[in-house]
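Asks: Handing you a structure now.
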Amino acid sequence: MKFIADSMLGKLCKWIRILGFSCKFVESHERDPEMMKLEAINEKRIILTRDTRLSAARRNLLPRVVFVRNQNWRKQLAQVIKEINLSRSQFRLFSRCLICDSLLINADEKDLTVVKKEIVKREKAFSKCPLCGRIYWRASHIENSRKLLDKILNEE
Ligand SMILES: [Zn+2]
Numbered sequence: 049m050k051f052i053a054d055s056m057l058g059k060l061c062k063w064i065r066i067l068g069f070s071c072k073f074v075e076s077h078e079r080d081p082e083m084m085k086l087e088a089i090n091e092k093r094i095i096l097t098r099d100t101r102l103s104a105a106r107r108n109l110l111p112r113v114v115f116v117r118n119q120n121w122r123k124q125l126a127q128v129i130k131e132i133n134l135s136r137s138q139f140r141l142f143s144r145c146l147i148c149d150s151l152l153i154n155a156d157e158k159d160l161t162v163v164k165k166e167i168v169k170r171e172k173a174f175s176k177c178p179l180c181g182r183i184y185w186r187a188s189h190i191e192n193s194r195k196l197l198d199k200i201l202n203e204e
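Here our numbering = 1-based position in the sequence shown + 48.
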């Protein structure tokens, strides 16, 4: 399952990545509904948008569009999970870079020189983004987002 989100949905896009799904983020200056539709079709992505022109495309069946109603990102995330019927067993929390969407790989010791010593001491597992080099400490990130996710899904 892959997504493409428009410029109004940055926080939602980040959260889709936290769940482990690819989400392409379209910056406002490059935003063109027709292009987004083409990209979605070519790359089999589900469009996430607040743009009603795109939501009208829903009737054409392809590509699939979720018109995000709420301005609050928690409600947006809950809506997408519900509407796409995503189940927790599909989530791969923190398997993907939140900045550039790449799949993370295990970090080795020499990657950790940029991480604060107390974090290296405290955490057990680290991943890194092969593209942008960002380091993630998995366990804490996963635990925190799981808690927040529980809250968000219970708010519904
Ligand atoms: Zn990255």
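Backbone N, C-alpha and C fix where the C-beta goes; we use that ideal spot for every residue, glycine too.
Because the structure is a prediction, the values reported are computed rather than measured.
Should the region 140-152 be regarded as contacting the region 174-188, the criterion being three or more beta carbon pairs within less than 8 Å?
Replies: Counting Cβ pairs under 8 Å, three or more are found: they touch.
Asks: Closest to GLN119 by CA distance: which of PRO81, ILE183, LEU60, GLN138 is it?
Replies: For the residues PRO81, ILE183, LEU60, GLN138, the minimum Cα distance to GLN119 belongs to LEU60.
Asks: Which same chain residues, not among the five before or five after GLY68, have their C-beta less than 7 Å away from its C-beta?
Replies: So the list reads PHE139, ARG140, LEU141, SER143, ARG144, once near-sequence residues are dropped.
Asks: Would you mind sorting ALA187 into buried or exposed? The rule is 16 or more other CB atoms within 10 Å of its CB.
Replies: ALA187 comes out exposed.
Asks: What residues in its chain sit with their C-beta under 7 Å from that of GLU131, if we drop five residues either side in the sequence?
Replies: Same-chain partners within the cutoff: VAL114.
Asks: Can you look up LYS92 in the DSSP assignment and give me helix, strand or coil?
Replies: Note: LYS92 maps to coil in three-state DSSP.
Asks: Would you list the one or two residues that DSSP bridges to ALA53?
Replies: According to DSSP, ALA53 bridges with PHE73, LEU96.
Asks: If I measure Cβ to Cβ from MET49 and keep anything under 6 Å in the same chain, skipping five residues before and after, which residues do I get?
Replies: If we look at MET49 and ignore the five residues flanking it on each side, its Cβ neighbours are PHE69.
Asks: Please enumerate, following chain order, all residues with a beta carbon closer than 6 Å to at least one heavy atom belonging to ligand 1.
Replies: Here the residues come out as CYS145, ILE147, CYS148, SER150, CYS177, LEU179, CYS180, ARG182.
Asks: Quick one: what's got a C-beta closer than 7 Å to GLU91's C-beta in the same chain, skipping five residues either side?
Replies: So the qualifying residues of the chain are LYS50.
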